[in-house]
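Last residue of the sequence shown? That's 464 in the UniProt record's numbering, and every number before it is there in order. Even glycine gets a Cβ: it sits at the ideal position worked out from N, Cα and C. Given the structure is predicted, the values throughout are model-derived calculations rather than measurements.
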Amino acid sequence: MNPLYMILVFLFGYCVYPFKPFIIFSNRHEIRRIDLHKGEFSVLVPGLRNTIALDFHLSQSALYWTDVVEDKIYPLTSFDVVIQYGLATPEGLAVDWIAGNIYWVESNLDQIEVAKLDGTMRTTLLAGEVEHPRAIALDPRDGILFWTDWDASMPRIEAASMSGQGRKTIHKETGNGGWPNGLTVDYLERRILWIDARSDAIYSAKYDGSGLIEVLRGHEYLSHPFAVTMYGGEVYWTDWRTNTLAKANKWTGSSRIKILTEITHVPSVCPSAPNPCAAKDGKDPCSHLCLINYNQTFSCSCPHLMKLGPDRRTCYESRQFLLYARQIEIRGVDIDNPYYNYIISFTVPDIDNVTVVDYDAQEHRIYWSDVRTQTIKRAFINGTGVETVVSADLPNAHGLAVDWVSRNLFWTSYDSNKKQINVARLDGSFKNAVIQGLDKPHCLVLHPILGYGHSPKRGITETL
1 MNPLYMILVF LFGYCVYPFK PFIIFSNRHE IRRIDLHKGE FSVLVPGLRN
51 TIALDFHLSQ SALYWTDVVE DKIYPLTSFD VVIQYGLATP EGLAVDWIAG
101 NIYWVESNLD QIEVAKLDGT MRTTLLAGEV EHPRAIALDP RDGILFWTDW
151 DASMPRIEAA SMSGQGRKTI HKETGNGGWP NGLTVDYLER RILWIDARSD
201 AIYSAKYDGS GLIEVLRGHE YLSHPFAVTM YGGEVYWTDW RTNTLAKANK
251 WTGSSRIKIL TEITHVPSVC PSAPNPCAAK DGKDPCSHLC LINYNQTFSC
301 SCPHLMKLGP DRRTCYESRQ FLLYARQIEI RGVDIDNPYY NYIISFTVPD
351 IDNVTVVDYD AQEHRIYWSD VRTQTIKRAF INGTGVETVV SADLPNAHGL
401 AVDWVSRNLF WTSYDSNKKQ INVARLDGSF KNAVIQGLDK PHCLVLHPIL
451 GYGHSPKRGI TETL
């Protein structure tokens with residue numbers, strides 16, 4: 001889906017009186033602003049690739065957006081990248097303006113992640129039974145997080161605390177629904193509003209899912225809605241089929257206007273609240289990442305490669321994780337919780353058709369073979385340093401093993417002319433064949449201490 005227009009956030013000066021409200025939206029290649037009183041457009045950020053999601057930090061007047069072509073998250077305050085590695089399709093974004101965290105959904109990786117606003121302390125918040133998350137919204141006052149899921153078997157809206165606890169389904173799509181696209185929060189009424197791109201309708205419900213209202217359905221301005229937001233008594237949405245920006249009454253769907261003109265100035269309440277993550281007596285409540293929980297409480301969390309200690313506040317380093325690969329991604333997961341990503345995920349464009357993966361604990365690097373590009377690549381587990389180390393004469397490299405003692409790399413390869421086991425330095429230099437004349441070697445394991453390697457297809461163990 002490549003919508004031409006997407007509403008994402010609005011209302012600079014939301015907590016300042018008198019304020020001049022305006023909508024910020026994207027046409028994929030620019031971030032624009034429209035004054036709600038004058039109807040004037042201005043360009044905030046030009047020259048973008050494919051901006052899908054935006055959110056705004058009220059107190060800092062900072063705008064954040066995702067780009068699904070570059071797979072990065074940016075701030076408007078500078079063009080430094082907030083999140084640069086391990087993103088596949090970050091379609092939804094939400095800023096916690098009270099505790100200073102940023103949340104996003106990963107449609108292809110099927111998870112929700114969180115980090116500090118500067119991108120540090122990144123960790124997996126929710127994974128497992130997340131099929132195709134699309135949009136995300138939150139209310140830090142109540143410590144509640146909402147997201148939509150396009151799960152084909154059960155499209156739904158779920159909620160949890162902003163620390164990932166107390167997860168529950170608050171709405172299941174029935175009837176013609178099934179593509180819950182955009183999602184926003186009505187802070188005044190403590191309700192959520194969302195649009196469904198399959199039934200072409202706008203819905204509203206209380207935070208617990210009760211009090212469901214169909215605001216509008218099947219209107220000419222609502223032929224394939226993508227994103228939604230609201231201000232005062234009105235709901236605003238974009239439609240990717242008609243390339244329009246429209247608004248209507250948030251309760252009845254009446255007073256529909258296609259082009260924004262002068263609107264009634266509606267007072268708004270600033271959604272502020274005490275910060276349970278604030279330092280007390282000069283001491284932060286958590287050693288690393290503090291997340292707002294229900295009932296104005298907090299929970300501590302840890303960034304990748306760290307675990308929470310017995311005091312539930314202090315993180316300690318732990319580098320034990322299970323590394324596995326499937327066709328277009330490599331993941332390292334917590335041994336105790338296989339849904340929880342313990343390192344960032346590696347995916348396209350660095351991964352095309354991975355067949356085997358190995359790990360060098362000394363340099364904290366992952367090595368993998370890609371049979372489609374016929375290359376062996378490596379990268380650090382934090383996502384940096386992606387490079388190709390072997391790229392020539394590499395047909396069907398299904399076996400790969402790192403010799404962590406002598407610092408060599410072994411791999412199998414075969415075609416009609418060469419059926420062998422190869423070796424090179426870890427950087428790919430001094431490449432050579434060590435065993436030839438095999439059948440179709442696939443798997444390869446090493447025991448560097450004893451100097452042995454084993455290939456099941458060969459059926460023997462040899463000194464390498």
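CA-to-CA distance, P349 to L188, given in whole angstroms: The alpha-carbon atoms of L188 and P349 are separated by roughly 43 Å.
Environment of A379 [buried if 16+ CB atoms lie within 10 Å]: With 16 or more other Cβ atoms within 10 Å, it is buried.
Assigned secondary structure, S268 (DSSP; H/G/I helix, E/B strand, else coil): Caution applies to S268, whose pLDDT of 40 falls short of 50 and renders its modelled position unreliable; the model cannot decide the point.
As assigned by DSSP and simplified to three states, the class of L450: In the displayed model, L450 falls within coil according to three-state DSSP, outside both helix and strand.
C-alpha distance - C290 paired with F56, whole-angstrom precision: If you take the alpha carbons of C290 and F56, they lie about 20 Å apart.
Alpha carbon of residue 469 to alpha carbon of T89, nearest angstrom: The question about residue 469 has no answer here: the residues shown for the chain are numbered 1 through 464.
At least three beta-carbon pairs within less than 8 Å, the segment 303-315 to the segment 88-107: Taking 8 Å as the limit for Cβ pairs, the verdict is that the segment 88-107 does not touch the segment 303-315.
Beta strand (DSSP E) segment containing M121, residue limits: Per DSSP, M121 belongs to no beta strand (DSSP E) and is neither H nor E.
Minimum length 3: unbroken beta strand (DSSP E) runs contained in the segment 301-352: Complete beta strand (DSSP E) runs here, min 3: 306-308, 315-317, 321-326 and 329-334.
Three-state secondary structure assigned by DSSP to N108: In this structure, N108 counts as coil in the three-state DSSP scheme.
Beta strand (DSSP E) segment containing S26, residue limits: Looking at the DSSP string, the run of the beta strand (DSSP E) that includes S26 is F22 to S26.
Unbroken stretches of the beta strand (DSSP E), 3 residues or longer, contained in the UniProt repeat "LDL-receptor class B" (143-189): Given a length threshold of 3 residues, each whole run of the beta strand (DSSP E) inside the UniProt repeat "LDL-receptor class B" (143-189) is given here in chain order: 144-149, 156-161, 168-172 and 180-186.
Exposure label - P225; buried when at least 16 CB within 10 Å: Buried: at least 16 other Cβ atoms inside 10 Å.
Coarse secondary structure for L101, derived from DSSP in three states: Correcting the residue type first, residue 101 is Asn in the shown sequence and not Leu. In this structure, N101 counts as strand in the three-state DSSP scheme.
Within 8 Å, strictly: CB atoms of R331 and S318: Annotated as distal: R331 and S318, with beta-carbon spacing of 8 Å or more.
Through-space distance from A137 to S272, alpha-carbon basis: Taking the straight line from one Cα to the other gives about 16 Å.
Backbone secondary structure at Q420 - three-state DSSP: Per DSSP, reduced to three states, the secondary structure at Q420 is strand.
Span of the beta strand (DSSP E) around W194: First-last of the beta strand (DSSP E) with W194: R191 to D196.
Beta strand (DSSP E) runs wholly inside the UniProt repeat "LDL-receptor class B" (364-406), at least 3 long, in chain order: With a minimum length of 3 residues, the unbroken runs of beta strand (DSSP E) contained wholly in the UniProt repeat "LDL-receptor class B" (364-406) fall at 365-370, 375-380, 387-390 and 400-403.
Whole-angstrom C-beta distance between L76 and L44, which should lie under 8 Å: 7 Å between Cβ atoms; contact.
Straight-line Cα distance separating T388 from P441: Taking the Cα positions, P441 is about 22 Å away from T388.
C-alpha distance - I144 paired with L444, whole-angstrom precision: The alpha-carbon atoms of I144 and L444 are separated by roughly 48 Å.
Helix, strand or coil at Y294 [DSSP, three-state]: Helix at Y294.
Cβ pair A397, T347 closer than 8 Å: In this structure, T347 does not lie closer than 8 Å to A397 by Cβ.
Bounding residues of the beta strand (DSSP E) (the contiguous stretch that carries E234): Going by DSSP, E234 is part of the beta strand (DSSP E) stretching over E234 to D239.
C-beta atoms of L193 and K250 nearer than 8 Å: Cβ atoms of L193 and K250: closer than 8 Å.
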